[in-house]
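> Sequence positions in the sequence shown follow mature numbering (1 follows the signal peptide of the UniProt record, and there is no 0) and run 6 to 686. For reference, the structure I am asking about is given below.
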Amino acid sequence: AWLRYAPLPSSVTRGHLNSFPNHIVALNAAKNGPLSSAASELQKGIKGILGLSLGVSSSQKSCSAQKTIIVSTLASYKSACGKLTPKLDLIEDGYWLSTKGESVQIIGQNERGALYGAFQYLSLLGQGNFSEVAFASNPSAPIRWSNQWDNLNAGTAAHGSIERGYGGVSIFFENGYVKEDLSRVPLYGRLLASVGLNGIVINNVNADATLLNETNLEGVKRIADLFRPWGVQVGISLNFASPQVLGDLDTFDPLDETVIKWWTDKSNRIYELVPDFAGYLVKANSEGQPGPLTYNRTLSQGANLFAKAIEPHGGIVVFRAFVYDQLNESDWRADRANAAVEFFKDLDGQFDSNVLVQIKFGPIDFQVREPPSPLFVNIPKTAVSIELEVTQEYLGQQCHLVYLPPLWQTILGFDMRYNGRQSYIRDIVTGKTFNHKLSGYAGVINVGMDDTWIGSHLAMSNMFAFGRLAWNPQADSQDIVEEWTRLTFGVSRDVVSAIVSMSMKSWPAYEDYSGNLGIQTLTDILYTHYGANPASQDNNGWGQWTRADSKTIGMDRTVSNGTGNAGQYAKEVAHMFEYTQTTPDDLMLWFHHVPYTFKLHSGKTVIQHFYDAHYSGSATAQTFPTTWKSLQGQIDAERYEDVLYRLKYQAGHSLVWRDAISEFYRNLSSIPDQLNRVRNH
Ligand code: GCU
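Below you can see the structure in the form of structure tokens.
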């Protein structure tokens, strides 16, 4: 991935090697802790990038030594070397990095911070950046987690499948158990740490209760031991019915004493094995999963059951807001987008203080374009985090290049105007707006055993960027992909400009040839979530409807005549979405049911926009293989061929998308394309 530590060309290193530090001092590093990893990572990286072999010591005398890289926690630095100037305002996991003067200082607020600082320093070196820097850096929020949707496949001979995973089988599980060979785990930990991620939930939210059997809990301990040197804490997804499914109770009622005792005992056992266990992730009463509603208990009573069981150990419960029921499309007012607010609004204030409600970025399900979930402004007394999807479920499943940060930043940068005040999503999920300490980000990453980790070389920029944005949601998407490209493919200007240009064009292009104007990704909704299938969106209970007929299209989410969803937003935003005059074009069909001939702000009709966007989006995808080919010889043959194969496939598949969607709506609406490109069947 991006941790290749490939040698820099001598033209880049010239003049820098003689003055480079010749020694690493790791002050007071705990055995097998993140600081030890930082020291060995520095050794390894500097050897790879610059060809220099540096020794590591822990000697205090070296504080004042010149040409040294000191890596330490702030506390150890102060006790060994006296005070550090300038005075630092570091929060948990933050670091100070200075390359000014003759020694390099990498000082973490804790060991993890020191490790993040070391990776940041190596990123600068790996990019050939020898400029003098001195800065402190703090994470935007304490929770920066990977979520893996790995299955145990208990009772089968299957090798740990991954729900919506496109990079091979699980690195954790096979045949119902934690694997014997966990050799990919520390490598994954290293990747996560290198971009500041500090936690992971290792199993699918559609959770298998057998993860809680004793053999598997000992396996979870082995996994946690392998992640610990990288500062990555482990959590697990729970099956709400476990006391009944796995235990021998005849109930899983969250208020039942025997159920409470069952979970308390289980939690105590987990903490015996994994003292720094991160906590539980819970999907309840959603898509067939069991939950407290079965017993007429509230979702908060369900969440608090676990919260109380792990509170004494310092753990947290991440309770997912992705709760909805199947709906009937003949009801004009039915709307899945309303579900989260309907289920959670009245529970605000009822969750224990160690519960975090994890909200998918939009109200439906990781579509190519959605407004932010209105739940973000409906439960101000509740700690919340945002769920993003790194794995490209609806977005091309790693067979299409779609660089996601511009989509994520559209959400993070949206001002929700709570009480008429500025309230960006990024400030809500970092706890600032409503003053919550517990806050942050989850990325459904879904790496597997594939050499590329997630199934495609270029898709790894999304994982890299997820970490970077969780650290700093205002970081620039383009800067991030530039950095990633230099580290992954080398510092050549041509390579960087080609990959960055394709990446930055890729989300708009995918939106153009998949689903426009907020109609959602017009993919197969019933099974694969892959490929064009606009007809599949309607006439089912899933509620991802387009309500397209021969004259009109779009969901009416207005208060005046529709599902009322626009009214779940704060006043100014609700007002904006209520009217077509103020709704932006890219969300027009999300909020409004209009004729195909409706004129957008752009001046085009809806149907002509569909045609034009599908042609221009697929035309952009046609340029990707050509752009990539310009790099032949500058990228190793294996990755060159692999990426070329995928980009050619994308170019072809974008034509399939273009024609399938354009012709579908041409037939349905009977309105021809003004440019006569679209066939009529
Ligand atoms: C989507 C996805 C499912 C997943 C669900 C969830 O619906 O297709 O595979 O289980 O989201 O996030 O719980």
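We put the CB at the ideal spot given by N, CA and C, even for glycine. Quick caveat, the model's predicted, so the values are computed rather than measured.
#1: Evaluate contact between the region 475-483 and the region 605-617, counting only Cβ atoms and requiring at least three cross-stretch pairs below 8 Å.
#2: Provide the residue span of the beta strand (DSSP E) that contains Q238, from first to last.
#3: Please classify F603 as buried or exposed, where buried requires at least 16 other C-beta atoms within 10 Å of its C-beta.
#4: Among the candidates A308, S461, I612, whose CA atom is the shortest distance from the CA of D353?
#5: Could you give the distance in angstroms between the alpha-carbon of M509 and the alpha-carbon of F582?
#6: Buried or exposed, going by whether 16 or more other CB atoms sit within 10 Å of the CB of S77?
#7: Distance check for A464 and L406, CA to CA, integer angstroms please.
#8: Helix, strand or coil, according to DSSP, for E394 in the structure here?
#9: If you measure from the CB of V395, is any heavy atom of the ligand GCU nearer than 6 Å?
#10: Note down the Cα distance separating S41 from L243, rounded to an integer number of angstroms.
#11: Got a sec: does the ligand GCU put a non-hydrogen atom nearer than 6 Å to the Cβ of D370?
#12: Can you find a heavy atom of the ligand GCU that lies under 6 Å from the Cβ of V328?
#13: Judging by CA-CA distance, which residue of K266, W154, E223, Y171 is the nearest neighbour of D213?
#14: In this structure, does DSSP put A626 in helix, strand or coil?
#15: V395 and N467: beta carbons closer than 7 Å?
#16: I want to check one thing, is the minimum distance from the CB of E168 to the heavy atoms of the ligand GCU below 6 Å?
#17: Note down, in chain order, each residue of its chain lying with its Cβ closer than 7 Å to the Cβ of S621, except the 5 sequence neighbours on either side.
#18: Judging by CA-CA distance, which residue of I29, R19, L57, R374 is the nearest neighbour of S45?
#19: At what residues does the beta strand (DSSP E) containing A139 begin and finish?
#20: Can you tell me where the beta strand (DSSP E) holding F324 begins and where it ends?
#21: Closer than 6 Å by C-beta to F669: which residues in its own chain qualify, once you throw out the five before and the five after it? Chain order, please.
#22: Restricting to Cα atoms, I'd like to know which of I459, G472, D456, G453 is closest to A447.
#23: By alpha-carbon positions, which one of Y171, G181, G172 ends up nearest to G165?
#24: Does DSSP classify R117 as helix, strand or coil?
#25: Would DSSP call I640 helix, strand or coil?
#26: Taking its Cβ as the centre, do 16 or more other Cβ atoms sit within 10 Å of I96, making it buried, or is it exposed?
#27: Identify whether S444 lies in helix, strand or coil by the three-state DSSP scheme.
#28: Go ahead and pull the three-state DSSP assignment for Q48.
#29: For Y187, collect the residues of the same chain with a Cβ closer than 8 Å to its Cβ; drop the 5 residues on either side in sequence, then sort them by chain order.
#30: If you drop the 5 nearest sequence neighbours on each side, which residues of the same chain put their C-beta closer than 8 Å to that of L59?
Here's the rundown:
#1: Three or more Cβ pairs closer than 8 Å define a contact, and the region 475-483 falls short of that threshold against the region 605-617.
#2: Looking at the DSSP string, the run of the beta strand (DSSP E) that includes Q238 is 238-243.
#3: Answer is buried; the Cβ neighbour count reaches 16.
#4: The closest CA to that of D353, considering only A308, S461, I612, is found on A308.
#5: So the two alpha carbons sit approximately 28 Å from each other.
#6: Of the residues assessed, S77 falls on the buried side of the cut-off, its CB having 16 or more other CB atoms within 10 angstroms.
#7: Rounded to whole angstroms, L406 to A464 spans 7 Å at the Cα level.
#8: In this structure, E394 counts as strand in the three-state DSSP scheme.
#9: V395 Cβ: outside cutoff for every heavy atom of the ligand GCU.
#10: When rounded, the distance between both Cα atoms is 33 Å.
#11: Yes; taking the cut-off as 6 Å, the Cβ of D370 has a heavy atom of the ligand GCU nearer than that.
#12: Answer for V328: no, Cβ out of range of the ligand GCU.
#13: Minimum Cα distance to D213 is reached at W154.
#14: Under the three-state reduction of DSSP, A626 is assigned to helix.
#15: Contact flag set, yes.
#16: True, at least one ligand heavy atom lies under 6 Å from that Cβ.
#17: Scanning its chain for C-beta atoms nearer than 7 Å, with the 5 sequence neighbours on each side dropped, one finds around S621 the residues D517, in chain order.
#18: Cα-wise, what sits closest to S45 is I29.
#19: Per DSSP, A139 belongs to the beta strand (DSSP E) from 139-142.
#20: Taken as a continuous stretch (DSSP letters only), the beta strand (DSSP E) holding F324 covers 321-325.
#21: For F669, where only same-chain residues beyond five positions count, the Cβ hits under 6 Å are P539.
#22: Answer by Cα proximity: G472.
#23: Minimum Cα distance to G165 is reached at G181.
#24: Helix at R117.
#25: In the three-state DSSP reduction, I640 falls in the strand class (E or B).
#26: I96 should be labelled exposed.
#27: S444 sits in coil when the DSSP states are folded into three classes, being neither helix nor strand.
#28: In this structure, Q48 counts as helix in the three-state DSSP scheme.
#29: The question names Tyr, but residue 187 is Leu in the sequence shown. Same-chain partners within the cutoff: I176, F177, R227, I228, L231.
#30: If we look at L59 and ignore the five residues flanking it on each side, its Cβ neighbours are P26, N27, H28, I29, L47, Q48, I51, K52, I74.
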